[in-house]
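The sequence shown begins at 14 in this note's numbering and counts up one residue at a time. Following: one structure in C-alpha cells, then a few remarks.
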Amino acid sequence: MSGAWNSLHALNRRLVVGLMSGTSADGVDGALVEITGAGADLSLDLLAWRTDPFPREERRRIHSLFDGNVADICEMNVLLAERFAEAALRVIAQAGLSPSDVHLIGSHGQTVFHIPRRGSQTPSSLQIGEPAVIAERTGITTVANFRPRDIAAGGEGAPLVPYADWVLFRKPGQVRCLLNIGGIANVTIVTPDLDDVVAFDTGPGNMVIDAAMVWATNGKDTYDESGAIAAEARHDDSLLNRLLDDAYLEQQPPKSTGREKFGQIFFDGVIEGLDATDSRTVVSTMTSFVAQSIAQALQRFVSPKYDITEVVVTGGGASNLELVRRLGAAAHPLPVHHGDVLGIPPEAKEAISFAVLANETVCGQPSNVPGATGADGPRVLGAIVPGRS
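Next up, the structure:
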C-alpha cells in the first residue's frame with residue numbers, strides 16, 4: 014500500500030460519499046456520511062443526501078446503451094462519470110463542506126449489462142461511470158468496480174448491499190428481511206451472525222411498472238406516483254398467473270438478475286398479443302406481479318429457514334403506496350414496514366451502502382457476503398483510484 018492508502022487506512026473517522034444509479038437509471042443518488050471504524054464495529058452518521066435526476070435525453074441515451082454499440086458505451090462511460098462527480102460535489106456542498114474535507118468516494122456506477130452464473134455465457138457484469146474521471150473532477154480518492162472480484166471468486170457479483178445491511182441494521186436476537194425495491198427487487202436476510210446472512214434478487218421491481226406507465230401514457234409519465242393508477246384498477250388474473258410462472262422466480266438462490274431479463278424486451282413480450290385491455294389494468298397487473306413475486310420468494314426461500322421479525326421496504330418502490338399495500342397483503346402474516354424504521358431515508362440506503370463498501374476497501378476489509386453471491390469466500394472488493402494530491 015502506498016502512503017496515500019496507509020493514511021486512509023490509519024484514520025478512525027472518515028467522511029465518505031456513496032454514489033449509486035440503479036437499474037431504473039433515473040438519476041444519481043448521493044449520500045455523504047461520517048464513518049467511524051470498520052467491520053462489525055463500524056458506526057455511521059448521515060450528513061446529507063440527494064438525488065440528481067438525469068435529464069430526459071440523457072436517460073434515453075442510458076436506456077439505449079442496454080442494446081447499444083461499443084462507441085456509445087465508451088462515450089457514456091465518461092459522460093456518466095461527469096454526472097457522478099457533479100452529484101458528489103453537490104451533496105458535499107449541501108452538507109456545508111468542501112471536497113478537501115472528504116476522504117473517499119464509493120461509486121457503484123451504472124450497470125449496463127449483467128450475465129449471472131448460469132447458462133452457457135461467461136459470468137460477468139459491466140458498470141460504467143469511469144472512476145478516474147470522478148477522482149479527477151473532485152480530487153477525492155474513489156473506489157469503484159466492486160463486482161468483478163466477487164465474480165472472479167465464483168460469485169454472482171450481486172447483490173453487494175447485504176454487507177452494509179448487516180453492519181448497519183442487524184439486531185441481537187432478530188432476523189430482519191430488508192427488501193429494496195428498485196428497478197429489480199432484492200432481499201437481504203439480516204441475522205446477528207454475518208455467516209448466516211443470505212440475499213438474492215427476487216425478480217422484477219419498478220422497471221416493469223415504469224414500462225407499463227410509459228406504454229399506457231405514450232411516454233408522458235415514466236412512473237406511477239404513489240401507485241395511484243394501479244389503485245384505480247384490478248389486475249388481470251390470467252395475465253398475472255402467466256407472469257408468475259416465470260422460471261427465474263422458481264430458481265433457488267443465490268441468484269441475481271437485471272434489465273436483461275425484466276427490461277423492455279420482457280415487457281414487450283407481455284403486451285404482445287393482448288386483446289384490447291384497459292391500460293390501467295396493465296399497470297395494476299405489473300404492480301401485483303412485483304408484489305406477489307416478492308411474497309412468493311419470501312414464502313419459498315426465506316420463511317422455511319428463518320423466523321422473520323419484520324420486512325422493511327426501501328428503495329423507490331417504498332414510495333409506491335399501492336405496491337407496499339399489495340405486498341403487505343400478499344406476504345401476510347409477515348409484518349411489512351416502511352423503511353423509515355431504519356432511521357434513514359429509504360431512498361438513500363443504497364448510496365449509503367456504497368460509502369460503507371468503499372470504507373471497507375481502504376481498510377482491507379472483505380465486504381462481499383458469500384451467502385448472498387455464492388462466492389468461494391470473503392473478498393476485498395473494488396478498485397481504488399487516488400485523488401489529486
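Even for Gly, the Cβ is constructed at its ideal location relative to N, Cα and C.
Pairing residue 348 with residue 324 gives a Cβ-Cβ distance under 8 Å. Residue 335 carries a helical assignment under DSSP once its states are collapsed to helix, strand and coil. For residue 107, the enclosing alpha helix (DSSP H) has its first and last residue at 83 to 107. In the assembly as shown, residue 121 is a buried residue. Its beta-carbon has 16 or more other beta-carbons within 10 Å. With respect to the 8 Å criterion, residue 165 and residue 127 are not classified as neighbours on the basis of their beta carbons. Ranking 261, 177, 310 by CA distance to the CA of residue 52 puts 177 first. In this structure, residue 216 sits near residue 198, with a CB-CB distance shorter than 8 Å. Fewer than three Cβ pairs drawn from the segment 78 to 89 and the segment 39 to 56 lie within less than 8 Å of each other, which leaves the two stretches out of contact. Secondary structure at residue 265: coil, using DSSP grouped into helix, strand and coil. With a 10 Å radius around the Cβ and a threshold of 16 neighbouring Cβ atoms, residue 345 comes out exposed. Pairing residue 103 with residue 42 gives a Cβ-Cβ distance that is not under 8 Å.
Of the residues 39, 32, 50, 36, the one whose Cα lies closest to the Cα of residue 376 is 50.
From the listed residues 399, 395, 386, the smallest Cα separation to residue 136 is found for 386. According to the DSSP assignment, residue 398 belongs to the beta strand (DSSP E) that extends over 396 to 398. In this structure the segment 315 to 334 lies against the segment 353 to 360, because at least three pairs of beta carbons, one per stretch, are closer than 8 Å.
Check the Cα spacing between residue 151 and each of 179, 186, 101: the tightest is with 101.
For secondary structure counted as the beta strand (DSSP E) over 3 or more consecutive residues, the segment 288 to 327 holds these complete runs in sequence order: 323 to 327. In summary, residue 221 is buried, with 16 or more beta-carbon neighbours lying within 10 Å of its beta-carbon over all protein chains present.
Counting only the Cα atoms, residue 233 lies some 14 Å from residue 70. Beta bridge pairing from DSSP links residue 120 with 32.
Judged by DSSP in its simplified three-state form, residue 203 adopts strand. In this structure the segment 207 to 215 touches the segment 305 to 317; the number of beta carbon pairs closer than 8 Å is three or more.
Taking a 10 Å sphere around the C-beta of residue 291, we find fewer than 16 other C-beta atoms and assign the residue as exposed. The alpha carbon of residue 365 has as its nearest neighbour, out of 83, 138, 180, the alpha carbon of 180.
A check of alpha carbon separations from residue 186 across 203, 391, 267 identifies 203 as the nearest. In this structure, the beta-carbon distance from residue 119 to residue 29 falls below 8 Å.
As the crow flies, the alpha-carbon of residue 353 is around 32 Å from that of residue 161. A contact between stretches requires three or more CB pairs, one per stretch, nearer than 8 Å, and the segment 297 to 307 meets this requirement with the segment 237 to 257.
Going by beta carbons, residue 371 and residue 117 fall inside the 8 Å limit. In terms of CA proximity to residue 391, 378 leads the group 76, 378, 23. With a minimum length of 4 residues, the unbroken runs of alpha helix (DSSP H) contained wholly in the segment 358 to 401 fall at 362 to 375, 383 to 386. Residue pairing for residue 62: DSSP places it in a beta bridge opposite 44.
Assignment of residue 286 by DSSP, reduced to helix, strand and coil, places it in the coil class. Under the three-state reduction of DSSP, residue 193 is assigned to strand.
If you look at residue 141, you'll find it isn't in any alpha helix (DSSP H); it sits in the beta strand (DSSP E) that goes 137 to 141. Secondary structure at residue 133: coil, using DSSP grouped into helix, strand and coil.
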